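Okay, structure first, notes after.
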Amino acid sequence: MLRLLASGCARGLGGGGGARGLVPGGLARPAAGLCDPGSSQSRQASDAPRNQPPSSEFVARSVGICSMMRLPVQASPEGLDAAFIGVPLDIGTSNRPGARFGPRRIREESVLLRTANPSTGALPFQSLMVADLGDVNVNLYNLQDSCRLIREAYQKIVAAGCIPLTLGGDHTITYPILQAMAEKHGPMGLVHVDAHMDTADKALGEKLYHGTPFRRCVDEGLLDCKRVVQIGIRGSSMTLDTYRYSRSQGFRVVLAEDCWMKSLVPLMGKVRQQMGVRPIYISFDIDGLDPAYAPGTGTPEIAGLTPSQNGSKVTLFLPPPPAILSPATSDY
Numbered sequence: 046m047l048r049l050l051a052s053g054c055a056r057g058l059g060g061g062g063g064a065r066g067l068v069p070g071g072l073a074r075p076a077a078g079l080c081d082p083g084s085s086q087s088r089q090a091s092d093a094p095r096n097q098p099p100s101s102e103f104v105a106r107s108v109g110i111c112s113m114m115r116l117p118v119q120a121s122p123e124g125l126d127a128a129f130i131g132v133p134l135d136i137g138t139s140n141r142p143g144a145r146f147g148p149r150r151i152r153e154e155s156v157l158l159r160t161a162n163p164s165t166g167a168l169p170f171q172s173l174m175v176a177d178l179g180d181v182n183v184n185l186y187n188l189q190d191s192c193r194l195i196r197e198a199y200q201k202i203v204a205a206g207c208i209p210l211t212l213g214g215d216h217t218i219t220y221p222i223l224q225a226m227a228e229k230h231g232p233m234g235l236v237h238v239d240a241h242m243d244t245a246d247k248a249l250g251e252k253l254y255h256g257t258p259f260r261r262c263v264d265e266g267l268l269d270c271k272r273v274v275q276i277g278i279r280g281s282s283m284t285l286d287t288y289r290y291s292r293s294q295g296f297r298v299v300l301a302e303d304c305w306m307k308s309l310v311p312l313m314g315k316v317r318q319q320m321g322v323r324p325i326y327i328s329f330d331i332d333g334l335d336p337a338y339a340p341g342t343g344t345p346e347i348a349g350l351t352p353s354q355n356g357s358k359v360t361l362f363l364p365p366p367p368a369i370l371s372p373a374t375s376d377y
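Spelled out as structure tokens, the structure:
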């Protein structure tokens, strides 16, 4: 996701954007969204100083508050082009829990992330004002209420015009986030990297859990189905219903084996053309990676994608302005 910020936002967005966020200590409620192509006037034009992750040349990596890339923590998204927000929820998972700790662990590991992307030449922190807005204050005893809290937080974020960069959290969080996104921008395009379709209808009688978010989004008209791509799909299934459902809705479904031993340049060229310049939501489920690289994921599936494949997909998928990128990681 950070690679997206360093390449997509700086190059694809030209710095436009906005997001609204949370409060320090996790008392506020965050977002993960996009920006209106019609309001692509960016704060990039301002000469105001921008937040910079501190260099280890001057500040030891073990020093400071645990924020994303050690960026400043803010209570408000005002004045920001983009913001990192955590959604520490995992009560929608069906297998191993633990995704609630994802935002914190990602922040801890981000201490080694630096400000320049050598493969793209992007220097996002020179053109974008970015901060960490903390976590959404979810209700770990009530999934429906958590979805309400997430949706309301993102509605405020979208209204503020900041680009939210979400740290999950199980994949249930995508549903309320897209509710807020579509409320402002209309049906969204979606680039979804995952081992699973997440288009099941229900489990144990429940219509909402981490296996159903995109089914619920289609039910509510939140997705522009002709601009939905699912990449990395694999593994066994009790039935073929989810596969058939995604394809019946017009989704482009790319199985993991379709990515093996080949260049992804042709595929991502098609995806880029398919997305056009309308708002896009990007959702990266950590189980899209082979469990050799991410063994702690809640629902591991063998024969997955490699880190280099995922990195190349992000680099190759740089939509032309004024497309809006809204990256999110989930099911950590």
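According to my numbering, the sequence shown is numbered sequentially starting from 46. The C-beta atom is built at its ideal place from N, Cα and C for all residues, glycine as well. Bear in mind the structure is a predicted one, so any value in this text is a computation, not a measurement.
Take C111, set aside five residues on each side of it, and the residues of its chain with a beta-carbon closer than 8 Å to its own are R149, R152 and E153, in chain order.
With a cutoff of 9 Å on beta-carbon distance, M114 and S155 are scored as near each other. In the DSSP assignment, G131 is bridged to D180 and L212.
A residue is called buried when at least 16 other Cβ atoms come within 10 angstroms of its Cβ; M306 does not meet this threshold and is exposed. In this structure, the CA atom of Q171 is about 7 Å from the CA atom of R95. Between the alpha carbons of T165 and T219 lies a distance of about 28 Å.
L253 has its alpha-carbon roughly 14 Å from the corresponding atom of Y186. As computed with DSSP, G234 is found in a beta bridge with I325. For V263, there is no enclosing beta strand (DSSP E); the residue is found in the alpha helix (DSSP H) stretching over P258 to D264. Per the C-alpha coordinates, the member of Q294, R289, N355 and D246 positioned closest to G277 is N355.
The three-state reading of DSSP puts V108 in coil, since its state is none of H, G, I, E or B. Here M242 is buried, its C-beta having at least 16 other C-beta atoms within 10 Å. A distance below 8 Å between beta-carbons, with the five flanking residues on each side excluded, links Y288 to the following residues of its chain, in chain order: M242, I278, S282 and V298. When C-alpha distances from T257 are compared across T344, A245 and V236, the shortest belongs to A245. For K201, the enclosing alpha helix (DSSP H) has its first and last residue at L188 to A205. Taking all protein chains in view, the Cβ of S308 is surrounded by fewer than 16 other Cβ atoms within 10 Å, so the residue is classified as exposed. Residue pairing by DSSP places A167 opposite N162 in a beta bridge.
Taken atom to atom, the span from the alpha-carbon of G341 to that of C304 is near 23 Å. Across the structure, I202 and E302 are spaced so that their CA atoms are roughly 38 Å apart.
Each residue's CA atom was taken as its position, placing K271 and R292 some 10 Å apart. In its chain, beyond the 5 residues on either side, T160 and F170 have a beta carbon closer than 7 Å to the beta carbon of Q97. Of the other Cβ atoms in all chains shown, 16 or more fall within 10 Å of the Cβ of S191; this residue is therefore buried.
Following the DSSP letters along the chain, one finds S291 inside the alpha helix (DSSP H) bounded by residues D286 to S293. Annotation: the continuous alpha helix (DSSP H) that includes R152 extends over G147 to E154.
Listed in chain order, the non-local C-beta contacts of L157 below 8 Å within the same chain comprise R106, local neighbours out to five positions each way being set aside. I331 and L267 have their C-alpha atoms some 23 Å from each other.
An exposed status is given to D286, since fewer than 16 other beta-carbon atoms sit within 10 Å of its beta-carbon. Secondary structure note for L312: its alpha helix (DSSP H) is the uninterrupted segment V310 to M320.
The alpha-carbon separation between N184 and V132 amounts to approximately 11 Å.
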